Amino acid sequence: MLQNIRDNSQGTIAKVIVGLIVVTFALFGVESIVGNWGGDPELAVVNGEEISQVEFAKAVELKRRQVLNQMGERADPALINEEKLQKLVRDELIDQKVMLVDADAKNMAVSEQIINQQILSMPQFQSGGVYSNEVFLNTIRNLGMTTQEFKAWLSKQYLLSQQRNALVGSGFVLESELGRLIKIDRQRRTADVVELSASSFRDQVDLSDEAVKQFYEAHKNEFVFTEKVDVEYVLLDKAEISKTVNVSKEAIEKLYQERKAAFVAEEERDSSHILIEISDVVSDEQALEKLEMLSGKLASGESFEQLAKEYSDDIGSKSDGGRLGYAKKGVFDPKFEEVLFSMEVNTVSEPVKTSFGYHLIKLNGVDKKPYADLGEVYASLEAELKRGDVLKAYLDLSEQLSDISYASADLAGPAKELGLEIKKGEVLKDGSDDLLSNPKVIAAAFSDDVKLEGNNSVLLDIDGDRSIVLRVSKYHPERLYSFEEARELVQQQIVEKNQAVLAKEKGDATVRALSAGETIDLAWQNKVAITRNDNSLPVDVMDKLFSLKEPVGGPVFTGVQSEMGDYFIIKLKQIDYGDVASLNAQELAQASDAIGSQSGLQEFKDFNLALKSAAEIEIN
């Protein structure tokens, strides 16, 4: 804890600022997962408030996606313990519900303005660094939420953070307590250190045949050849195919001519809109009626911009009078776009219904921008044509390879017919490297059809850009190393183990002798005024050094062995304690804030535990 305090008291004033819990937008397709939960009973009831199965299912899927994302490229859903995952999520939801019920009892609330501002600032809802209402609506719909549902969810997270902030931010430290902690935390130690490297004892390790054989016999079950297969395979690789594909100048010019009209005629339109959303609260008829009312206000001379600020449900544009700015075709909803690109400048449309609700659209201006000439777009057109040709060739070859290899007794025929090279490698049951460590490859290589029956595998798609067909040429079952095979590994283990033992024996004996007053010539390194965050010594040595009591009447000797087996002898000579008086006002404030926040965080944990203990919780 002292090191955390030390770290937190550096730089700008250290304060625990508990941010909002923001959605991790890796969760897509939720509706297909939670669709069958509707009729089930609630998951739990906390002080009369329900936690629904739908809420639970969404939270579980979100947590699952987070775990898979942390696993990286080789994420495997089968590795997730579903029972533990669901219990973790259930407990989190109950903890949150306990806090939310308490917040409601205290009449805590969050204004819609704060929620809108938070949504506008979230990068997940931005396009080109600017808030996009379409991105927002599409994203939350993929989460299975309406606008109001998402705002309600975000409000809950805000309330949770308010409670946490209130306790964490109220933490404080007494002046006397601060003085004691500074005395310990800011102390500096002067010591001499000498390292006895484990490797320096290597020559003293017994590596005779008898010693090696004894070690092998005692540990032979640890020396195991993993199950593996030798394989032959043919590989289709888009990168290699790309080297053989050339695009003619004539094809590029033809594509340019086909698109020339679009290149030249492309235009952008500057628009504003007023959106009235259709939701569980506002029906289709009510939304249309409200928009028609606004049309009447416009007809009577009221400002479009002012009406947008007052009535529009597009939180991204309403503060700017509904202004959407310039955009070309393909940006907006097709129905919205169809009307926008048929309008005259400075006119307002009739109500337009899209999947987002009803709009009034105002066209502010039109800007036609001539597209670049052939020379400027030549490279991009060439790349586009080449990508298409490579993809076509890859798909054609994949289909041919799949058909030919399925009917072939080996890979020689498919390789010759398609001009592919037969490569060789080995696949380990617990993985090897790169291509042959792909889970699909491992599963295919060790399948009965390929490993036992000797058939070619099906075409295996590796990553969308590579695919292979393989066959097993030799199977190697799991077995123990023979003594001769294991000799070098055994010797290595004996050396690593015994040189560390010898280093510790020598180090311990030296510490005892020094402590008894003997004089021993050692290559001491003098370390002066070492602080807790010093990184010139291994962590094990630092922990040992700062655990020693103050020297009285002479230095204190001790020793510690690092994880690598090296032994460090420590001679502690002096401790200089920290002093509050030595801190300037800013440093004192930083330390006080950091320690106070630690105290506040513990108070929050205690508060949550107390609420949970007093709550009536029924789990179904």
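Last residue of the sequence shown: number 697 in our numbering, and the count goes up by one each step with no gaps.
Every residue, glycine too, gets a C-beta built ideally from N, C-alpha and C.
For clarity, every value in this text was computed on a predicted model and none was experimentally measured.
Neighbour-count burial assignment, residue i, 16 or more Cβ in a 10 Å radius
{"i": "Val68", "result": "Residue 68 is absent from the structure shown; the chain starts at 78 and stops at 697."}
{"i": "Tyr654", "result": "exposed"}
{"i": "Glu414", "result": "buried"}
{"i": "Gly677", "result": "buried"}
{"i": "Asn323", "result": "exposed"}
{"i": "Glu108", "result": "With a pLDDT of only 33 at Glu108, under the threshold of 50, the placement of this residue in the model should not be trusted, and no figure is reported."}
{"i": "Gly465", "result": "exposed"}
{"i": "Pro516", "result": "exposed"}
{"i": "Thr587", "result": "buried"}
{"i": "Arg609", "result": "buried"}
{"i": "Ile597", "result": "exposed"}
{"i": "Asp283", "result": "exposed"}
{"i": "Ile261", "result": "exposed"}
{"i": "Val100", "result": "Only weak support is given to the placement of Val100: the predicted model assigns it a pLDDT of 35, under 50, and the question is left unresolved by the model."}
Reduced DSSP secondary structure (H/G/I, E/B, other) of residue i
{"i": "Val178", "result": "helix"}
{"i": "Phe300", "result": "coil"}
{"i": "Ala64", "result": "Any property of residue 64 remains undetermined from this structure, which presents the chain solely from 78 to 697."}
{"i": "Gly673", "result": "helix"}
{"i": "Phe433", "result": "coil"}
{"i": "Tyr644", "result": "strand"}
{"i": "Lys183", "result": "coil"}
{"i": "Ser457", "result": "helix"}
{"i": "Asp683", "result": "helix"}
{"i": "Asp653", "result": "strand"}
{"i": "Lys551", "result": "strand"}
{"i": "Asp611", "result": "coil"}
{"i": "Lys405", "result": "coil"}
{"i": "Val546", "result": "strand"}
{"i": "Thr424", "result": "coil"}
{"i": "Ala288", "result": "helix"}
{"i": "Glu627", "result": "coil"}
{"i": "Arg263", "result": "coil"}
{"i": "Thr596", "result": "coil"}
{"i": "Asp410", "result": "coil"}
{"i": "Ala486", "result": "coil"}
{"i": "Tyr558", "result": "coil"}
{"i": "Val605", "result": "strand"}
{"i": "Leu312", "result": "strand"}
Inter-residue spacing [alpha-carbon to alpha-carbon] between residue i and residue j
{"i": "Ala470", "j": "Ile318", "result": "8 Å"}
{"i": "Ser389", "j": "Ala692", "result": "42 Å"}
{"i": "Arg141", "j": "Leu375", "result": "50 Å"}
{"i": "Leu139", "j": "Glu132", "result": "11 Å"}
{"i": "Lys161", "j": "Ala666", "result": "42 Å"}
{"i": "Glu287", "j": "Gln281", "result": "16 Å"}
{"i": "Arg346", "j": "Val212", "result": "19 Å"}
{"i": "Ser198", "j": "Leu214", "result": "15 Å"}
{"i": "Gly378", "j": "Lys228", "result": "34 Å"}
{"i": "Phe560", "j": "Gln569", "result": "14 Å"}
{"i": "Ile696", "j": "Arg167", "result": "9 Å"}
{"i": "Val22", "j": "Asp683", "result": "Here the chain covers residues 78 to 697 and nothing more, so residue 22 does not appear."}
{"i": "Ser348", "j": "Glu476", "result": "48 Å"}
{"i": "Gln195", "j": "Ser544", "result": "45 Å"}
{"i": "Val250", "j": "Gln190", "result": "35 Å"}
{"i": "Ile329", "j": "Leu451", "result": "9 Å"}
{"i": "Tyr235", "j": "Leu513", "result": "48 Å"}
{"i": "Gly502", "j": "Gly402", "result": "58 Å"}
{"i": "Ala404", "j": "Asn441", "result": "12 Å"}
{"i": "Val504", "j": "Phe278", "result": "39 Å"}
Beta-carbon proximity of residue i to residue j, cut-off 8 Å
{"i": "Ile672", "j": "Leu417", "result": "no"}
{"i": "Lys650", "j": "Pro632", "result": "yes"}
{"i": "Asp391", "j": "Asn210", "result": "yes"}
{"i": "Leu170", "j": "Ala134", "result": "no"}
{"i": "Leu622", "j": "Ile607", "result": "yes"}
{"i": "Glu382", "j": "Gly398", "result": "yes"}
{"i": "Leu706", "j": "Phe634", "result": "Residue coverage of the chain in this structure runs from 78 to 697, which leaves residue 706 outside it and unanswerable."}
{"i": "Val289", "j": "Val637", "result": "no"}
{"i": "Glu555", "j": "Phe302", "result": "yes"}
{"i": "Gln203", "j": "Thr216", "result": "no"}
{"i": "Ser276", "j": "Gln602", "result": "no"}
Residue i Cβ short of 7 Å to the ligand FMN heavy atom set
{"i": "Leu251", "result": "In terms of ligand content, the structure shown is empty, and the ligand FMN therefore cannot be addressed."}
Any chain C beta carbon closer than 8 Å to residue i
{"i": "Asp168", "result": "The question asks about chain C, but that chain is absent: this structure has only one protein chain."}
**Asked** Using 8 Å as the threshold, is the region 479-492 in touch with the region 329-337, meaning 3 or more CB pairs across them?
**Response** no
**Prompt:** Okay, do the region 300-312 and the region 546-553 touch, 3+ Cβ pairs below 8 Å being the bar?
**Reply:** yes
**Contact the region 637-645 vs the region 605-617: 3+ CB pairs below 8 Å** = yes
**Asked** With contact counted as at least three CB pairs below 8 Å, one residue from each stretch, are the region 432-439 and the region 363-371 in contact?
**Response** yes
**Prompt:** Is the region 164-184 touching the region 237-245, taking contact as three or more C-beta pairs under 8 Å?
**Reply:** yes
**Message:** Taking contact to mean 3 or more Cβ pairs, one atom from each stretch, closer than 8 Å, check whether the region 264-275 and the region 522-536 are in contact.
**Reply:** no
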